[in-house]
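Protein chains in written order, with this note's numbering: chain W, 1 to 348; chain U, 349 to 643.
Ideal Cβ positions, reconstructed from N, Cα and C, are used throughout, including at glycine.
Every value quoted in this text rests on a predicted model; they were computed, and no experiment measured them.
Contents: one structure, followed by commentary.
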């Protein structure tokens, strides 16, 4: 379908919880959680409210999509329109946040899974992605890695931080650069404050090395966004930013760049054009074909080198977590490879 | 779908027939066994015949190092099971890298192997254990090999057992080239159980040209890992791609050694010469650090 290789499949982080594999189970699970909430008396209006926001959420998604589409059709990297899709996206995130993955683990726990739970299946999946990135790109040619996704909430930020930790653990000097000026998150994952960062460096108020924070493990540094800026796209398109990136590449083996989603905003288009390789994060059961394809086309049109797709939050087919307890579940992820793999073969 | 199910059950019945032959070739003839308990039968068969001395190059038999046996007793029991299955020499291959990064250092594996050998001798189990490792694919393999942080098979420095991640297909050609420059050949463990490789094996031919070898799990040939793995395993053997069969056994319950049954199955379908090549000759060459014979 996408014609890009699958670089990784990250299982759901719902470790230790009941595994929700089928639609029926999911409905049952949702019902149960609603009933449980009722009993606790925490939110009584919730079940009534679910139907309406969902419809609104879908409408807004389409709206955001249309807005971005119009913007790109007109060929303008327009700033004026940025505000409109932004609100839609932020709202849609707040809805998807009530989904099943995010409610169980804190942001820092999810973003640093590789470090905090190195034996988990999820951590292993991130390490596999690291290896896949290494073998997919010729040596030394994938220094700047952009992590992006069609829409908000697909798991870019957690992939970026976990991948960076995994790379640092493998002895590569790695920097996480938060390029998402619209909704900076990396500082929350690594638990810094966002007072100084990239924005200050680009404004020329502080030096680059003053803005870089030391990460939780050796070999990992973080460059947070810094204070809010009025014109993110313009800043990313500036020569100063290109200069900063060039300097960073001299000091680090890998620079992982977290970015805003592709469809509503043009920021990641700009970043994709600068970066060596791009990873497209898709969320199983959320990312649609049309949006994924559209995001891919957007990225390709600006000359991005899409290394591959990472499929996030894939439910386990059988709820087994042991390293080798996955007996004969080979159909488990099969449909994803079949899907992307076979098509990649046809096109490539 | 129904057709597949039927075919699968036929294959299963077939392989269960293969597992329970009336009598092993040159064993005591008196015991005709309609016994329902296969484990008992395997034991008796080995005790009496002991003819084929298989060599197992992939086995998780060291206690408390990975997902194999957790205690010394379990490890000894597994080793007894291996010996009863007609195996004379086993290369212990605990997992390295991946989830077991930083735990299984070569020195500790070597110590565990010598400890296990002593214990086997004390318990009169006729099995020789050699050190080795099942190395998860990683970009640092060559550096770690040079630094003696990961083990080669039988500690001979010639073959490395490589485990590929299941979820994705990674083209390891560059790694194979790099390993070759170090004088090391890669043995890819159970490619038939890799969901993508089993379906799209074309990439394997490229790796085989880079002096990679394929190791099939004995259980895959008998249908333990499902129909797709079984079909792929037989395809690899028939086409001459696979040069080794190993048990990849972890315990005596779900993933027990099934070398004898696999040997019989292969010799029945493809002839005894191929069976002894993949189950005895080539594995013994791995344990001695010699080059392979071609099929």
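| Query | Result |
| --- | --- |
| Identity of the residue in 303(W), 6(W), 12(W) nearest residue 285(W) by Cα | 12(W) |
| Exposed unless 16 or more other CB atoms sit within 10 angstroms - verdict on residue 31(W) | exposed |
| Spatial neighbours of residue 629(U) in its chain, beta-carbon cut-off 7 Å, leaving aside the 5 residues before and after | 641 |
| Where residue 98(W) falls, given that 16 or more other Cβ within 10 Å makes a residue buried | Interpretation of residue 98(W) is limited by its pLDDT of 38, a score under 50 that renders its predicted location unreliable; the figure taken from the coordinates is listed afterwards. Classification of residue 98(W): exposed, given that the 10 Å Cβ count is below 16. |
| Within-8 Å CB hit, residue 373(U) to chain W | At residue 373(U), the pLDDT of 39 sits below 50, so the modelled position is not reliable; the number obtained from the coordinates is stated separately. Answer no: the Cβ-Cβ gap between residue 373(U) and chain W never drops below 8 Å. |
| Inter-stretch contact (C-beta, 8 Å, three-pair minimum) for the region 215-224 of chain W and the region 160-170 of chain W | yes |
| contact_flag[the region 499-510 of chain U, the region 467-480 of chain U] where n(CB pairs < 8 Å) is 3 or more | yes |
| Within chain U, partners of residue 134(W) - CB distance below 8 Å | 487 |
| Residue 145(W) vs residue 296(W) beta-carbon contact at 8 Å | no |
| Whole-number beta carbon distance between residue 236(W) and residue 270(W), since they are thought to touch under 8 Å | 5 Å |
| Under the three-state DSSP convention, the category residue 149(W) falls into | coil |
| The region 434-447 of chain U touching the region 411-423 of chain U, judged by at least three CB pairs closer than 8 Å | yes |
| Coil, strand or helix - residue 507(U) by DSSP | strand |
| Beta-carbon proximity of residue 223(W) to residue 276(W), cut-off 8 Å | no |
| Short Cβ contact (8 Å threshold) for residue 568(U) with residue 540(U) | yes |
| Contact under 8 Å by Cβ, residue 605(U) with residue 435(U) | yes |
| Status (buried if at least 16 other CB within 10 Å, exposed otherwise) for residue 627(U) | buried |
| Inter-residue spacing [alpha-carbon to alpha-carbon] between residue 290(W) and residue 150(W) | 10 Å |
| Given 8 Å, three or more beta-carbon pairs between the region 614-622 of chain U and the region 569-589 of chain U | yes |
| Assigned secondary structure, residue 312(W) (DSSP; H/G/I helix, E/B strand, else coil) | strand |
| Which residues DSSP lists as bridging residue 565(U), in chain order | 594(U) |
| Span of the beta strand (DSSP E) around residue 349(W) | In the structure as shown, chain W begins at 1 and stops at 348. Residue 349(W) is therefore absent and cannot be evaluated. |
| Limits of the unbroken beta strand (DSSP E) element including residue 400(U) | Here residue 400(U) belongs to no beta strand (DSSP E), and DSSP marks it neither H nor E. |
| The region 179-191 of chain W touching the region 224-232 of chain W, judged by at least three CB pairs closer than 8 Å | yes |
| Range covered by the alpha helix (DSSP H) that runs through residue 239(W) | 239-251 |
| Neighbour-count burial assignment, residue 27(W), 16 or more Cβ in a 10 Å radius | exposed |
| Whole-angstrom distance between residue 257(W) and residue 528(U), CA atom to CA atom | 35 Å |
| 8 Å Cβ cutoff met for residue 591(U) and residue 502(U) | no |
| Beta-carbon neighbours of residue 519(U), restricted to chain W and to distances below 7 Å | 135 |
| Residue-level contact to chain B via CB, residue 447(U), 8 Å cutoff | No chain B is part of this structure, whose protein chains are labelled W and U. |
| Option nearest residue 5(W) by Cα separation, candidates 516(U), 639(U), 467(U) | 516(U) |
| Contact residues within the region 502-530 of chain U, judged by C-beta distance below 9 Å to chain W | 513, 514, 515, 516, 517, 518, 519, 520, 521, 522, 523 |
| Closest by C-alpha distance to residue 283(W), when choosing among 247(W), 266(W), 314(W), 123(W) | 314(W) |
| Buried or exposed by the 16-neighbour rule on C-beta atoms within 10 Å, applied to residue 125(W) | buried |
| 9 Å Cβ cut-off: residues of chain U touching residue 7(W) | 516, 518 |
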